[in-house]
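Single-structure report; data block below.
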Amino acid sequence: MPDPTPQPVEMLKHLRRARDLMDRDYAEPLDVPTMAERAFMSPAHFSREFKRAYGETPYGYLMTRRIERAMAFLRAGMSVTDACTAVGATSLGSFSSRFSALVGESPSSYRARSHDALEAMPDCIARTLGRPARYR
Amino acid sequence: MSGARRNVVGMSSNAVTLQYVHVTVDDVDQAIAFYRDALGFDVAMDVGGGEQRWVTLGVPAQPGLSIVLSPPAAGRSPEDAEAMARLLAKGVLPMVVFATNDLDATFERAVEAGAEVLQEPMQQDWGPRDAAFRDPAGNQVRVSQAA
Numbered sequence: 001m002p003d004p005t006p007q008p009v010e011m012l013k014h015l016r017r018a019r020d021l022m023d024r025d026y027a028e029p030l031d032v033p034t035m036a037e038r039a040f041m042s043p044a045h046f047s048r049e050f051k052r053a054y055g056e057t058p059y060g061y062l063m064t065r066r067i068e069r070a071m072a073f074l075r076a077g078m079s080v081t082d083a084c085t086a087v088g089a090t091s092l093g094s095f096s097s098r099f100s101a102l103v104g105e106s107p108s109s110y111r112a113r114s115h116d117a118l119e120a121m122p123d124c125i126a127r128t129l130g131r132p133a134r135y136r
Numbered sequence: 137m138s139g140a141r142r143n144v145v146g147m148s149s150n151a152v153t154l155q156y157v158h159v160t161v162d163d164v165d166q167a168i169a170f171y172r173d174a175l176g177f178d179v180a181m182d183v184g185g186g187e188q189r190w191v192t193l194g195v196p197a198q199p200g201l202s203i204v205l206s207p208p209a210a211g212r213s214p215e216d217a218e219a220m221a222r223l224l225a226k227g228v229l230p231m232v233v234f235a236t237n238d239l240d241a242t243f244e245r246a247v248e249a250g251a252e253v254l255q256e257p258m259q260q261d262w263g264p265r266d267a268a269f270r271d272p273a274g275n276q277v278r279v280s281q282a283a
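As you go down the protein sequences, you meet chains A and B in turn. Quick note: the first sequence, position 117, residue 117 per the working numbering, numbers continuous. Quick note: the second sequence, position 124, residue 260 per the working numbering, numbers continuous.
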């Protein structure tokens, strides 16, 4: 049962800064305890409140951001291992399985196939459609 | 087919232009200082006060277009004001995008004015060279290098 008490504005500002940190520094070795500390919360409390505010866990948000960037690197021809490292993911195995779950195909198959349809679109639309879906 | 419409200096006689863009901020005075120092806007009008205050700012380069700063409670019920304040704090209200002829200088000024940086100036693969930061209230502000 969700907590009916609205989240205080001050807490939401901390959560926003944590989310901005992920958008900006996704390639750094960020993890939930580090982000929770910046938000002045315990990791469990932080994850719970972040999900309440943004609809997904901080770890999920960070990995989606990383995979979005990795997709761009793979389309540009970067190797799967290099793309994984370039976006700050430390385990190729968990990166690949997360990628497959979000994108619907493995990183190597995504890299190997043609992205002509995406390239033929206006850039701003391709940018949106080329992103993994956060909310389904 | 209306053939009666005439073009006057390249604009049709019923041309509509954008006049006011509203930006919700939690602290109007702090926002005035930021939009002035970071982006070069000057106050044109300051109406009302407290939680019911609307401040209009403009830049000389674009007469006729203003941004209007107001707090979440301005013209809203307490319930709606609270909802707006939370969306603002979460950083999910619509962004505002500005153009500048010197992106690096504008970005530098924004940082000096205390902006939280979202993205350093960079070339986007979909076109513009731009940068992004938050105004003191938490609104996303993007600035693009003018072509």
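Note that CB positions come from ideal geometry on N, CA and C, so glycine has one too. In this text the structure is predicted, and so the values were computed from the model without any measurement.
Rounded to whole angstroms, what's the CA-CA distance from residue i to residue j? Just pull it up for me.
{"i": "Arg-172(B)", "j": "Thr-242(B)", "result": "12 Å"}
{"i": "Asn-275(B)", "j": "Val-253(B)", "result": "12 Å"}
{"i": "Asp-182(B)", "j": "Val-191(B)", "result": "4 Å"}
{"i": "Gly-250(B)", "j": "Ala-112(A)", "result": "44 Å"}
{"i": "Glu-256(B)", "j": "Arg-98(A)", "result": "28 Å"}
{"i": "Met-258(B)", "j": "Pro-196(B)", "result": "27 Å"}
{"i": "Val-80(A)", "j": "Ser-108(A)", "result": "6 Å"}
{"i": "Leu-229(B)", "j": "Val-161(B)", "result": "10 Å"}
{"i": "Pro-33(A)", "j": "Ala-83(A)", "result": "24 Å"}
{"i": "Ala-95(B)", "j": "Phe-170(B)", "result": "Since the first and last residues shown for chain B are 137 and 283, residue 95(B) lies out of range."}
{"i": "Met-137(B)", "j": "Gln-155(B)", "result": "Note that Met-137(B) has pLDDT 44, beneath the 50 cutoff, so the model's placement of it is unreliable and no number is given."}
{"i": "Glu-218(B)", "j": "Pro-6(A)", "result": "10 Å"}
Quick one, which of the options has its alpha-carbon nearest residue i's?
{"i": "Ser-94(A)", "options": "Gly-60(A), His-115(A) and Ala-117(A)", "result": "Gly-60(A)"}
{"i": "His-158(B)", "options": "Pro-199(B), Pro-208(B) and Asn-150(B)", "result": "Pro-208(B)"}
{"i": "Ala-176(B)", "options": "Ser-206(B), Asp-163(B), Leu-193(B) and Arg-270(B)", "result": "Reading off the sequence, residue 176(B) comes out as Gly, not Ala. For Gly-176(B), the nearest C-alpha among the options comes from Leu-193(B)."}
{"i": "Val-87(A)", "options": "Thr-64(A), Phe-40(A), Asp-20(A) and Met-11(A)", "result": "Thr-64(A)"}
{"i": "Val-9(A)", "options": "Ala-167(B), Asp-216(B) and Leu-223(B)", "result": "Leu-223(B)"}
{"i": "Val-118(B)", "options": "Phe-234(B), Arg-270(B) and Leu-205(B)", "result": "Limits of chain B in this structure are 137 at one end and 283 at the other, which puts residue 118(B) out of reach."}
{"i": "Asp-31(A)", "options": "Arg-134(A), Ala-89(A) and Ala-72(A)", "result": "Ala-89(A)"}
{"i": "Val-179(B)", "options": "Ser-149(B), Val-152(B), Pro-199(B) and Val-277(B)", "result": "Pro-199(B)"}
{"i": "Ala-39(A)", "options": "Glu-28(A), Pro-29(A), Met-22(A) and Ala-27(A)", "result": "Met-22(A)"}
{"i": "Ile-203(B)", "options": "Gly-227(B), Val-279(B) and Ile-168(B)", "result": "Ile-168(B)"}
Taking residue i as part of the beta strand (DSSP E), name the residues at either end of that continuous run.
{"i": "Asp-182(B)", "result": "178–185"}
{"i": "Gln-284(B)", "result": "No information on residue 284(B) is available, as it lies outside the stretch 137 to 283 that chain B covers here."}
{"i": "Val-204(B)", "result": "202–206"}
Report, in whole angstroms, the separation of the C-beta atoms of residue i and residue j, which I expect to be a contact under 8 Å.
{"i": "Pro-58(A)", "j": "Val-103(A)", "result": "At roughly 20 Å, the Cβ-Cβ gap does not stay under 8 Å, so Pro-58(A) and Val-103(A) are not in contact."}
{"i": "Ala-225(B)", "j": "Arg-19(A)", "result": "So it is not a contact: roughly 12 Å between Cβ atoms."}
{"i": "Met-11(A)", "j": "Glu-56(A)", "result": "The Cβ separation is near 17 Å, so there is no contact."}
{"i": "Arg-278(B)", "j": "Asp-261(B)", "result": "So it is not a contact: roughly 16 Å between Cβ atoms."}
Looking at the unbroken alpha helix (DSSP H) that takes in residue i, where does it start and where does it end?
{"i": "Thr-85(A)", "result": "80–86"}
{"i": "Pro-196(B)", "result": "Segment: none, Pro-196(B) is in no alpha helix (DSSP H) and carries neither H nor E."}
{"i": "Leu-229(B)", "result": "Run containing Leu-229(B): none; DSSP gives neither H nor E here."}
{"i": "His-45(A)", "result": "43–54"}
{"i": "Ala-174(B)", "result": "164–175"}
Residues of chain C with CB under 8 Å from residue i, in chain order?
{"i": "Arg-222(B)", "result": "No chain C appears in this structure, whose protein chains are A and B."}
**Study point:** Contacting positions in the stretch 227–253 of chain B - beta carbon closer than 8 Å to chain A
**Key:** Gly-227, Glu-252 and Val-253
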